[in-house]
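**Q**
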Amino acid sequence: MINMKINGLPVSVEEGTTLLEAAKFLGFPIPTLCFMEGLLPYGACRLCVVEIGDGPKAKLVSSCTYLAEQGLNVRTASSRVVKARKMIIELLLATCPQSKVIQDLASAQGVHQQRFRQEHDDCILCGLCVRMCEQQMMAKAIGFQGRGEKRSLGTPFNIKSEVCRLCGGCIYVCPACQLRCTYNQVENAVCNGCANLTPPCLEKEKFDDMMCYMEPCVACEIKNDKK
Amino acid sequence: MEKIKTIDDFKLLQEMLVFGRNTQIPTIVISAGTCGQASGANDIIRITKREIINEGLTDKLNLRITGCQGFCQMEPSILVEPSGTFYPRVSINNMKRIIKAMPQDKVLEDLLFLDPESGKRIEKQNDLPFFKKQVRTILSRNEKVDPIRIYNYIENTGYSTLLKVFEKRDPNWVIEEVKASGLRGRGGAGFPTGLKWEMLANQPDGKGKFLVCNADEGDPGAYMDRSVLEGNPHSIIEGMIIGAYSTQANQGVIYVRNEYPLAIKHLTIALRQAHDIGLLGENILGTGFSFDIKIVRGAGAFVCGEETALMRSIEGKIGEPSQRPPFPTQKGINGRPTAINNVETWANIPVVIEKGAEEFSKVGTKNNSGTKIFSLVGKVKYTGLVEVPMGMTIGEIVNDIGGGPVGNAKIKAVQTGGPSGGCIPAAMFDLSIDYDNLAKAGTIMGSGGMIVMDENTCMVDVAKYFMNFLKDESCGKCFSCRKGTQRMYEILDDITKGKATLAEFELLKELAIVVKDTTMCGLGHGAPNPVLSTIRYFTDEYKRHIIDKKCDAFVCKELVGAPCQSACPIGTEAWRYIAHIQRGEFDAAYQVIRETNPLPSVCARVCNHPCEEKCRAGTSGGQPISIRELKRFVVDRFSQPQSKPARDKKDNKDATRVAVIGSGPAGLTAAHYLSMAGYKVTVWEADKEPGGMLISCIPAYRLPRAVLRQEINSLIDDNVTIKCDTVFGKDVTIDSLFDNGYKAIFLAIGAHESRRLNVPGEDSLGVYPSIKFLKRFNLLGEKLAKGQVGVIGGGNSAIDAARVAIRQEGVESVTVLYRRTRREMPAFSEEIDACLDEGINLRTLVSPSKIIAENNRLTGLELLKNNLGERDASGRRQPVAIPGSQFVMPLDTLIVAVGEQPKTEYFSTTKLNIDKSGIVKVDPETLATNLSGVFAGGDLVSGPNTVVDAIADGKKAAVMIERYLHGEKLQQPKLPQLPKIYIEAKTEEATESKSLTRVKPSSLPIEQRQKSFAEVNMRLSEPAAIEETHRCLRCDFDFTQPKKIESESEKLEEIKV
């Protein structure tokens, strides 16, 4: 067992426990975005940062990926942490203002302003969909491409993936793209991210429903809803 | 190549190789690293081989082709062993000469390195200023070995340290040795290498361990790893085998970026040779120890230099950093323990083992032992790779090894550590370089890039450049790094375009700190450093961009517009009148000049032309346009000053009255513009004629009096009254003016008091302050100089005084005495040239120590000789007197011109704020003094300054006084001055100039200048002027040219589609 302190409270956890799990166990709320139970932690959104260490060696780490260490002194809501979190939410709002998840986060954390130039993206590249696809659906149909500001999500060679089973898992876990599934209304589409994943029934007009091995799928249901 | 199976066999081979070496005959060493090859080393190699064969010197000369030797700027360079003769920048023809001279041991003087400081040729490599202060333990090996010949490496004691380690048979000894040496990782973070190895050695063996050589060198401007890999790959291999032996690692990886083809080639050859000879593979030299190295080529992502990302890349995954702990030594490549060290660290290992830990740690400072290679690039005289002991100061590296600034521009800062590093300002150049000091200064050692920047580098632009790099090179995993760098770039871009506000600047700082805090890996952690460190040391520059909308380095295009225009204190649109001259529209050209300048004929002659200093034709490597001469060409076509601007309100009889004190350029300009705005202006002048310094100091041969008087008269209209012979403070005072109904006062009395030398005997007869000397002559016609004349000082007033003196009867000789060298003289260079042409002597590096007088009459001057010493804060080298070097110079007249200051006895009786030297303190933005309604400008507030600055002050004062009288806010937001009017370039003839050099006006022949005050410089002829205009780069087109052409080409493309 590992003994450490979270916000001054002593806690002992099993080896291999992350700081996030330990804090949640004690009831300290830590906002997260790219974390999901059942998927391996990735540490992309940086919302879950907590402060560890003391004095000049104090630093912020992402609690979802940092494993508990003997004697660690963790602060989940120090002023440094709160400042950083608020700035990240501001950046998130500047990127994906229409995401309800992000709006809720902002309101919960008391972020009332957004000082950057407004963008209208639909993806914060949290990687939940990639991990969902790989770790739960065992498909590895989508992944990251490029780096830096050109980083994006897509299928290999940006063509329809052969291993995609159109399960919709990626869409289900997405925190930012509630509007993503506009499917065939390309003019309203917020993104083209899953255009490659569009079910064939929507691509081809004369699609034979009987031949669809996935029936009924999400796409069918949306179709039905619209009718 | 036969495989060697025992240590003894290897020793035998080494002995044989050393024995077989012929050290009697000279060797030509050609440096052919990437830098050398790019400058033509391959041709030199080819020609050398052919010449050696042609001349039949095959057994009299050795040839060795090596990697980079460090002095990349001088490539292709040749080193001759054993003499150490160094030939820089060798051409094919010169190479032939060198080879012919070799058998006679002759040194070709004319091809040697020319030291610009001393003007002497330097023969030996080690005596070159660039090499002198270096301690080249690693780089010096580059010139000893041919990288593709393992035998060459072995005969130069290569792999001996490996044998030493094998014979010790104690891995722990190696680790202890490396730990004791204090060697720290040369990749930038400075983690102790020995400690890292110990951590790896302590890991359970399991399925094997990895050693990695990190050669993913991606910092812009850093290339020391490449040079070591290219020049001495075996030293890396040797270091890695030693490391593997001591940590029981069984697999080695060299991760090198694919952009280094030569390094990969040499490494591949070296690895194969090491394998063939039995130094890699199973059971090395019969010790039972097995180790192998493979090369993994990186695709060039900057982030793959980060160790966790690098391991992912080696595994074949996307190069994304991951959480540490677990550290690579616990869980690295494929989950196995891994130690990663930089190229330079590996190259240091054989040095540590060879010298022993104790000896190694003697170099450098405590906790920072050994040497470090820096790639010194940017705005210094000598660029290349420099290897220095830790703890050397930045100043030593930049000024001594790098040779200081290239041109006249002062060095402003160095940038270390690449994109994750920061800038260190010139004021901190005595900082000694080591990991800890750099971290304290807000930057990092990084892999050792050192970019020197001077005044022509904009620090905001530097931060923007690095942020642009980082936003592309961030892996993009951490949201705060990916978006943070993008947003920081966005704000920096806005700042350089003049669009940002102070609130955004604050946001930038806030964001930078959060990005630094919240990212996962070193890249993100260091990404805000370029922003934070430039903000830390150069906040003023940021504020200048944001508030004043000015970029003083003339880099940010959207703020600079046309450099000539924005460099001009009064914003003259030089590009515009040059365009008019080109089209033959001389009237229009005059209008453009007169629009902003009330004294065009004066400025056409005596302006210090800041426009030419910043002209892009000059700053981009060529010669600037002769803008002042073109102005002179235009204004001299008109015998009467033309085109006064129209007045706002005509003959306003009960107009508000404003008083202007002083009728110099500042006072006259203010009076003129106030009069144009409808105010009644009275100008008071202490001397008998208006004009201030223009008439009392500037000699008539530079500024003919007729021209000056005409121009001054053109500014005097019914709204302006000039009252001469009225001394301010005596005849009129601030209080009396306000009492008499003046609503505002502009003080522009100039700086008319010469500074004193403060040496004994200064009050003797025959010693004159320069202002007194010039005034007496210009206003009263008195000729004070006679016999042998000495002038002390190096500024423009010293040169004026000297040139006036030589024109006076009874003067035998004139000598200008200056304490530094001509290069440091503040006077205009062309004036000094003219001065020398007229037979005036220039004696530099002397300071006066005593004035010798008989019967209180000057007979001579005692002087001390100087040497140039350390550089001061201004970047100029300080004169240091040589003790005992006194000598006496017989003189009849001595003119002291060591600076001027305002006469301000009166001000001390008022409530006006003045400083020690008599300068009136004003708000530089508004020229307002601490007294309401009293403004001041010109030399009175700036100290001795230029005419055009005085005019600028006058214009500003007029605007501010008007705002004041209207009760408006004085300070108003500023906008960048950008070219607005499009003037088409003349296209009938070829617009490209035939001549690349700038036009020079003809001047009066020397004989005719004797004792004559006729104007020396002539006006340009029409063809010469028009020819000169064709050299103009028309920087205004960026802003004014209609976008027609673009849209046409777009249309064309549309049609094609």
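Line order of the protein sequences matches chains A and B.
Reading the first sequence from the start, the letters are residues 1 to 227 in our numbering.
Reading the second sequence from the start, the letters are residues 228 to 1284 in our numbering.
Just so you know, even glycine gets a beta-carbon here, dropped at the ideal spot from N, CA and C.
Because the structure is a prediction, the values reported are computed rather than measured.
State the beta-bridge partners of Thr1173(B) as determined by DSSP.
**A** In DSSP, Thr1173(B) forms no bridge with anything.
**Q** If you follow the alpha helix (DSSP H) that Tyr386(B) is part of, which residue opens it and which one closes it?
**A** Careful: Tyr386(B) lies outside any alpha helix (DSSP H) and carries neither H nor E.
**Q** Of all the CB atoms in chain A, is at least one closer than 7 Å to the CB of Val741(B)?
**A** With 7 Å as the cut-off, Val741(B) counts as an interface residue toward chain A.
**Q** So which residues of chain B does Ala141(A) contact, with C-beta pairs closer than 7 Å?
**A** Within 7 Å Cβ-Cβ: nothing; Ala141(A) doesn't reach chain B, min ~16 Å.
**Q** Under 8 Å: do the stretch 10 to 28 of chain A and the stretch 40 to 59 of chain A share three or more Cβ pairs, one atom per stretch?
**A** yes
**Q** When the Cα of Asp397(B) is compared with those of Gly466(B), Met451(B) and Thr474(B), which residue comes out closest?
**A** Thr474(B)
**Q** Can you check DSSP and say which residues form a bridge with Glu980(B)?
**A** Gln1128(B)
**Q** Taking Cys791(B) as part of the alpha helix (DSSP H), name the residues at either end of that continuous run.
**A** Pro790 to Ala794
**Q** For Val49(A), which residues in chain B fall below 7 Å Cβ to Cβ?
**A** Thr745
**Q** Closer than 8 Å, Cβ to Cβ, to anything on chain B: give me those residues from the stretch 83 to 101 of chain A, in chain order.
**A** Lys83, Ala84, Met87, Ile88, Leu91, Leu92, Ala94 and Thr95
**Q** In chain order, what residues of the stretch 524 to 542 of chain B put their CB closer than 8 Å to some CB of chain A?
**A** Ala528 and Val530
**Q** Nearest chain B C-beta to Cys174(A) closer than 7 Å, yes or no?
**A** no
**Q** Skipping 5 residues on each side, what residues in its chain have a beta carbon closer than 8 Å to that of Gln1268(B)?
**A** Taken in chain order, the residues that qualify are Tyr1209.
**Q** Hey, does Phe116(A) have any beta-carbon neighbour from chain B nearer than 7 Å?
**A** yes
**Q** With a cut-off of 8 Å on the beta carbons, I'd call Thr1173(B) and Asn824(B) a contact; round off their distance for me.
**A** Contact flag wrong, Cβ pair sits at about 13 Å.
**Q** Thr17(A) CB to nearest chain B CB: under 7 Å?
**A** no
**Q** Answer with yes or no whether the minimum CB distance from Met426(B) to chain A is below 7 Å.
**A** no
**Q** Give me the residue from Gly1017(B), Pro548(B), Thr883(B) and Lys1183(B) with the minimum Cα distance to Val1125(B).
**A** Gly1017(B)
**Q** Distance check for Ala1252(B) and Arg982(B), CA to CA, integer angstroms please.
**A** 41 Å
**Q** Could you give the C-beta distance for Glu149(A) and Lys1201(B), rounded to a whole number, given that I count them as a contact under 8 Å?
**A** Actually they do not touch by this definition, with Cβ atoms about 32 Å apart.
**Q** Using 8 Å for Cβ pairs, my map puts Leu826(B) next to Pro926(B). What's the rounded Cβ distance?
**A** Contact flag wrong, Cβ pair sits at about 17 Å.
**Q** Could you check whether Val372(B) and Tyr380(B) sit closer than 7 Å to each other, using their CB atoms as the reference points?
**A** yes
**Q** Drop a sphere of 10 angstroms on the beta-carbon of Asp688(B), count the other beta-carbons inside from all chains shown, and report buried for 16 or more, exposed for fewer.
**A** buried
**Q** Hey, does Arg165(A) have any beta-carbon neighbour from chain B nearer than 7 Å?
**A** no
**Q** Compare the C-beta of Glu148(A) against all C-beta atoms of chain B and say whether one is closer than 7 Å.
**A** Per the sequence shown, the amino acid found at residue 148(A) is Gly instead of Glu. Chain B, which has a Cβ nearer than 7 Å to the Cβ of Gly148(A), makes this yes.
**Q** Taking Cβ to Cβ, would you say Phe393(B) is nearer than 7 Å to Ile504(B)?
**A** no
**Q** Would Val1168(B) be called buried (16 or more neighbouring beta carbons within 10 Å of its own) or exposed?
**A** buried
**Q** Taking only the alpha-carbon atoms, compute the straight-line gap between Ser12(A) and Ile2(A) and give it to the nearest angstrom.
**A** Spanning the two alpha carbons is a distance of roughly 5 Å.
**Q** Does the stretch 788 to 806 of chain B come close enough to the stretch 1255 to 1265 of chain B that 3 or more CB-CB pairs lie under 8 Å?
**A** yes
**Q** Quick one: give me the first and last residue of the alpha helix (DSSP H) that Ile124(A) is part of.
**A** No alpha helix (DSSP H) holds Ile124(A); DSSP gives it neither H nor E.
**Q** Shortest alpha-carbon distance to Leu1231(B) belongs to which of Cys842(B), Gly1096(B) and Tyr928(B)?
**A** Nearest option by C-alpha distance: Tyr928(B).
**Q** Quick test of your reading: Val480(B) and Val523(B), contact by CB under 8 Å. State the CB separation rounded to the nearest angstrom.
**A** 5 Å
**Q** Which of helix, strand or coil does DSSP assign to Tyr213(A)?
**A** Residue placement at Tyr213(A) is poorly supported in this model, since its pLDDT is 46, which falls under 50; the coordinates still yield a value, given next. Note: Tyr213(A) maps to coil in three-state DSSP.
**Q** Glu1051(B): which of Thr388(B), Phe1240(B) and Lys637(B) sits nearest, CA to CA?
**A** Lys637(B)
**Q** If you draw a straight line from the C-alpha of Ala690(B) to the C-alpha of Glu912(B), how long is it?
**A** 50 Å
**Q** From Ala442(B) to Ala831(B), what does the alpha carbon distance come to, in whole angstroms?
**A** 58 Å
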